[in-house]
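Written out below as structure tokens is the structure these notes cover.
Number of protein chains: 2
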Amino acid sequence: MGKSMGTVDKAFHLLSCFTVTEPEWGLSDLARRAGQDKATALRLLNSLMAGGFVEQDPDARTFRIGTAVLKLARVREASFPFLSLAKPPSERLSASIGETIHVCLPEADALATVHIVEPQRATRVYVDPSQPLPYHATASGLAFLAFASAEFVDHALSSTDFRAHTEHTITSREVLIDALAKIRGGAYAVSSSSFELETIGIASPIFDASGHAMGTVAAACLASRITPELETRIASAVTGTAIEITRALGAEPPARFIQSHRELGA
Amino acid sequence: MGKSMGTVDKAFHLLSCFTVTEPEWGLSDLARRAGQDKATALRLLNSLMAGGFVEQDPDARTFRIGTAVLKLARVREASFPFLSLAKPPSERLSASIGETIHVCLPEADALATVHIVEPQRATRVYVDPSQPLPYHATASGLAFLAFASAEFVDHALSSTDFRAHTEHTITSREVLIDALAKIRGGAYAVSSSSFELETIGIASPIFDASGHAMGTVAAACLASRITPELETRIASAVTGTAIEITRALGAEPPARFIQSHRELGA
DNA sequence: TTGATCGGTTCATTATTGTAACCAGTGGTT
DNA sequence: AACCACTGGTTACAATAATGAACCGATCAA
Numbered sequence: 001m002g003k004s005m006g007t008v009d010k011a012f013h014l015l016s017c018f019t020v021t022e023p024e025w026g027l028s029d030l031a032r033r034a035g036q037d038k039a040t041a042l043r044l045l046n047s048l049m050a051g052g053f054v055e056q057d058p059d060a061r062t063f064r065i066g067t068a069v070l071k072l073a074r075v076r077e078a079s080f081p082f083l084s085l086a087k088p089p090s091e092r093l094s095a096s097i098g099e100t101i102h103v104c105l106p107e108a109d110a111l112a113t114v115h116i117v118e119p120q121r122a123t124r125v126y127v128d129p130s131q132p133l134p135y136h137a138t139a140s141g142l143a144f145l146a147f148a149s150a151e152f153v154d155h156a157l158s159s160t161d162f163r164a165h166t167e168h169t170i171t172s173r174e175v176l177i178d179a180l181a182k183i184r185g186g187a188y189a190v191s192s193s194s195f196e197l198e199t200i201g202i203a204s205p206i207f208d209a210s211g212h213a214m215g216t217v218a219a220a221c222l223a224s225r226i227t228p229e230l231e232t233r234i235a236s237a238v239t240g241t242a243i244e245i246t247r248a249l250g251a252e253p254p255a256r257f258i259q260s261h262r263e264l265g266a
Numbered sequence: 267m268g269k270s271m272g273t274v275d276k277a278f279h280l281l282s283c284f285t286v287t288e289p290e291w292g293l294s295d296l297a298r299r300a301g302q303d304k305a306t307a308l309r310l311l312n313s314l315m316a317g318g319f320v321e322q323d324p325d326a327r328t329f330r331i332g333t334a335v336l337k338l339a340r341v342r343e344a345s346f347p348f349l350s351l352a353k354p355p356s357e358r359l360s361a362s363i364g365e366t367i368h369v370c371l372p373e374a375d376a377l378a379t380v381h382i383v384e385p386q387r388a389t390r391v392y393v394d395p396s397q398p399l400p401y402h403a404t405a406s407g408l409a410f411l412a413f414a415s416a417e418f419v420d421h422a423l424s425s426t427d428f429r430a431h432t433e434h435t436i437t438s439r440e441v442l443i444d445a446l447a448k449i450r451g452g453a454y455a456v457s458s459s460s461f462e463l464e465t466i467g468i469a470s471p472i473f474d475a476s477g478h479a480m481g482t483v484a485a486a487c488l489a490s491r492i493t494p495e496l497e498t499r500i501a502s503a504v505t506g507t508a509i510e511i512t513r514a515l516g517a518e519p520p521a522r523f524i525q526s527h528r529e530l531g532a
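Same order as they appear, the protein sequences are chains L and D. Here our numbering is used: the first residue of the first sequence is 1, the next is one more, and so on. Here our numbering is used: the first residue of the second sequence is 267, the next is one more, and so on.
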């Protein structure tokens, strides 16, 4: 990590090493991965264990995320319930534009879909709730990265594989960074058949109180239906819903974001 | 806090101040509550905010739990899914003894019911999933405290109100501490109409990898049905299920606990 | 005006931390 | 057996980062 960081930050850096794909670490492995000394890592882990944020397997001596996070997550959900706040606006959005809406939260190297609303309509896109959405290949991923913290983007970019899910997928870091800059100038991301053929995603970030993306709301549309005018109409509705959810969470989107949303409606 | 603690521990102490009943704190209030200097608390909060563990309301300048805990909780649930691991044993338990089973996790000053299984039986106890179970008045609460960490017990005892929910509720700290010691000598707690009249709770702790209680599993029985022999049979089944869930979570109950369970079966 | 809050900053003092070397144990090779 | 390359964990001391009383500017009440 080069620069000096506070010890608390280091502890969180350790925590961030535990992911869905690598939930358990031995001491040496973890210290190497986090770029920390074994002694340092162990001291931090002992504090984390005392707080219940990590546990140690009694036999294998491996470390894993502890139960304290469950408690805190319940406190957070009890006071600022993300899902129950995000659902009503998503349903209104789906009813208003007649397309499938999905809400996502970030995992280590992909987005996880946590809510889906399907419209009352014969033809509609099916979103698989169990499939992780890669950052480089989906509208949600692009919208999230465009408004995520610089550190998060660095980490996501360095751990993404740029796999081509279709012939339209962005497969190079440079192209992706350009795309993110463009998205940042507006308020939403579009992906035309870059993940599934015949589908167009239109996504916008939900912000936390620090002004960074903490999730996304997106419409998954049949490509055959989309015209430039319709895209703008949907984008306006999606960004409006993103603003609505962000405010319901007690946060406020950046002023530039609001401005871009207004220009869509005009 | 008197003695010196590591800075990471202080950061977690701050986090633990955020509860369901008090989810938002101003800087000065929080520093006072945590027994820390304002400057210290602010620096810790800044680190916590950088990690996403707390957020600050842009207007009110109050702090609250951030979204990072949701991410970690999802990692934990993806690798060691508590509910999906606890459900099957609970269902078997309910079927085997024919009583309502409920599984609880700790909140700040009460237990939260996170799963309920009702038996196929005309007469059974109804457990309200939204009602917090006070530590001093329920079998689950007693079982949890008896096997919780000393710090947790201290905190819980100092913040409990010892309210008498019925005429059988334990209402003094001394009696409670005695009861906990007795429970610790065995493997389960019984509460006879100490929370709801006509119901008897029989509860046992689920352990985390550090050997402390991280949750409970309990049977809520109609008092009129219970005999000493039946109580022992149910207690044996409940403690067995607690051991089963603990092991499914990748942890191991203390040897004394296992021994006490065996003696029940004999 | 005074005084008592609040959120946030400063800086000399002090305690924690990083570093590297060292244990003791384990499993595989020769 | 002897050796090697690991592992998890510990220790000493120099280097560094945390600490907290005092301080600032705002705000609010009397």
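Idealized CB from N, CA, C, for every residue including glycine. In this text the structure is predicted, and so the values were computed from the model without any measurement.
Close beta carbons around residue i, own chain, < 7 Å, minus the five adjacent residues each side
{"i": "leucine 85 of chain L", "result": "Ile245, Ala248 and Leu249"}
{"i": "leucine 30 of chain L", "result": "Leu14, Cys17, Ala41 and Phe63"}
{"i": "proline 520 of chain D", "result": "Gly477"}
{"i": "leucine 349 of chain D", "result": "Val380 and His381"}
{"i": "proline 395 of chain D", "result": "Thr379 and Ile382"}
{"i": "serine 415 of chain D", "result": "His478"}
Partners in chain L for residue i, counting only beta-carbon separations shorter than 7 Å
{"i": "alanine 339 of chain D", "result": "Val69, Leu70 and Ala73"}
{"i": "glycine 516 of chain D", "result": "Asp57"}
{"i": "proline 289 of chain D", "result": "Val75 and Ser79"}
Exposure of residue i, with buried meaning 16 or more beta-carbon neighbours within 10 Å
{"i": "serine 194 of chain L", "result": "buried"}
{"i": "leucine 411 of chain D", "result": "buried"}
{"i": "aspartate 161 of chain L", "result": "exposed"}
{"i": "serine 140 of chain L", "result": "buried"}
{"i": "leucine 463 of chain D", "result": "exposed"}
{"i": "threonine 227 of chain L", "result": "exposed"}
{"i": "valine 441 of chain D", "result": "exposed"}
{"i": "glutamine 322 of chain D", "result": "buried"}
{"i": "isoleucine 443 of chain D", "result": "exposed"}
{"i": "alanine 73 of chain L", "result": "buried"}
Chain D contact for residue i (CB, 8 Å cutoff)
{"i": "serine 210 of chain L", "result": "yes"}
{"i": "threonine 171 of chain L", "result": "no"}
Under 8 Å by beta carbon: chain L residues contacting residue i
{"i": "aspartate 275 of chain D", "result": "Ser47, Ala50 and Gly51"}
{"i": "proline 398 of chain D", "result": "In chain order: nothing, as chain L lies at least about 11 Å away."}
Close-in-space but distant-in-sequence residues of the same chain around residue i (CB under 8 Å, 5 per side omitted)
{"i": "leucine 27 of chain L", "result": "Lys38, Ala41, Leu42, Leu45, Arg61 and Phe63"}
{"i": "alanine 68 of chain L", "result": "Gly51, Gly52 and Phe53"}
{"i": "serine 470 of chain D", "result": "Ala409, Ala453, Tyr454, Ala455, Thr482, Val483, Ala484, Ala501, Val504, Thr505, Thr507 and Ala508"}
{"i": "alanine 34 of chain L", "result": "Lys10, His13, Leu14, Cys17 and Ala41"}
{"i": "glutamate 343 of chain D", "result": "Leu349"}
{"i": "isoleucine 601 of chain D", "result": "No answer is possible for residue 601 of chain D: it lies beyond the span of chain D, which begins at 267 and ends at 532."}
{"i": "lysine 3 of chain L", "result": "For lysine 3 of chain L, the predicted structure reports a pLDDT of 43, less than 50, and the residue's modelled location is therefore unreliable. A value from the coordinates is still provided. Correct list: empty, nothing qualifies."}
Cβ shell of residue i (< 6 Å), same chain only, five flanking positions each side left out
{"i": "alanine 274 of chain L", "result": "This structure cannot settle anything about residue 274 of chain L, because the visible part of chain L is limited to 1 through 266."}
{"i": "serine 360 of chain D", "result": "Ile367, Val383 and Pro385"}
{"i": "phenylalanine 603 of chain D", "result": "For residue 603 of chain D there is no data in the structure shown, the boundaries of chain D being 267 and 532."}
{"i": "threonine 435 of chain D", "result": "Ala403 and Ser460"}
{"i": "alanine 209 of chain L", "result": "Ala251"}
Candidates the options, of which the one nearest residue i by Cα
{"i": "glutamine 259 of chain L", "options": "L/Ser210, L/Ala223, L/Leu230 and L/Tyr188", "result": "L/Tyr188"}
{"i": "glycine 265 of chain L", "options": "L/Glu252, L/His115, L/Ser236 and L/Ser149", "result": "L/Ser236"}
{"i": "threonine 232 of chain L", "options": "L/Val190, L/Tyr135 and L/Pro134", "result": "L/Val190"}
{"i": "alanine 110 of chain L", "options": "L/Tyr135, L/Asp9, L/Gly66 and L/Ala122", "result": "L/Tyr135"}
{"i": "threonine 432 of chain D", "options": "D/Thr285, D/Ser458, D/Ser425 and D/Phe418", "result": "D/Ser458"}
{"i": "threonine 7 of chain L", "options": "D/His434, D/Leu314 and D/Gln302", "result": "D/Leu314"}
{"i": "serine 425 of chain D", "options": "D/Gln397, D/Arg439 and D/Thr435", "result": "D/Arg439"}
{"i": "arginine 491 of chain D", "options": "D/Ile363, D/Arg450, D/Lys337 and D/Pro324", "result": "D/Ile363"}
{"i": "glycine 185 of chain L", "options": "L/His155, L/Ala122, L/Arg256 and L/Phe207", "result": "L/Arg256"}
{"i": "lysine 87 of chain L", "options": "L/Val153, L/Ser79, L/Cys104 and L/Lys182", "result": "L/Cys104"}
{"i": "threonine 389 of chain D", "options": "D/Ala489, D/Leu336 and D/Val419", "result": "D/Ala489"}
8 Å Cβ cut-off: residues of chain D touching residue i
{"i": "aspartate 178 of chain L", "result": "None at all; the shortest Cβ gap to chain D is about 27 Å."}
{"i": "arginine 33 of chain L", "result": "Within 8 Å Cβ-Cβ: nothing; arginine 33 of chain L doesn't reach chain D, min ~15 Å."}
is_contact[residue i, chain L] using C-beta, thresh 8 Å
{"i": "leucine 371 of chain D", "result": "yes"}
{"i": "arginine 332 of chain D", "result": "First, the amino acid is wrong: residue 332 of chain D is glycine here, not arginine. By this cut-off, glycine 332 of chain D is an interface position."}
{"i": "serine 470 of chain D", "result": "no"}
{"i": "alanine 344 of chain D", "result": "yes"}
{"i": "alanine 378 of chain D", "result": "yes"}
{"i": "phenylalanine 278 of chain D", "result": "yes"}
{"i": "leucine 351 of chain D", "result": "no"}
Contacts that residue i makes with chain D (C-beta to C-beta distance below 7 Å)
{"i": "threonine 19 of chain L", "result": "Val341"}
{"i": "leucine 15 of chain L", "result": "Leu338"}
Residue i: contacting residues in chain L (beta-carbon distance under 9 Å)
{"i": "glycine 272 of chain D", "result": "Thr7, Arg43, Leu44, Asn46, Ser47 and Ala50"}
{"i": "phenylalanine 410 of chain D", "result": "What phenylalanine 410 of chain D touches in chain L: nothing, since even the nearest Cβ is about 12 Å away."}
9 Å Cβ cut-off: residues of chain D touching residue i
{"i": "phenylalanine 82 of chain L", "result": "Thr333 and Leu336"}
Residue i beta carbon near the ligand MG (any heavy atom closer than 7 Å)
{"i": "histidine 478 of chain D", "result": "Absent from the structure shown: the ligand MG. Ligands present: none."}
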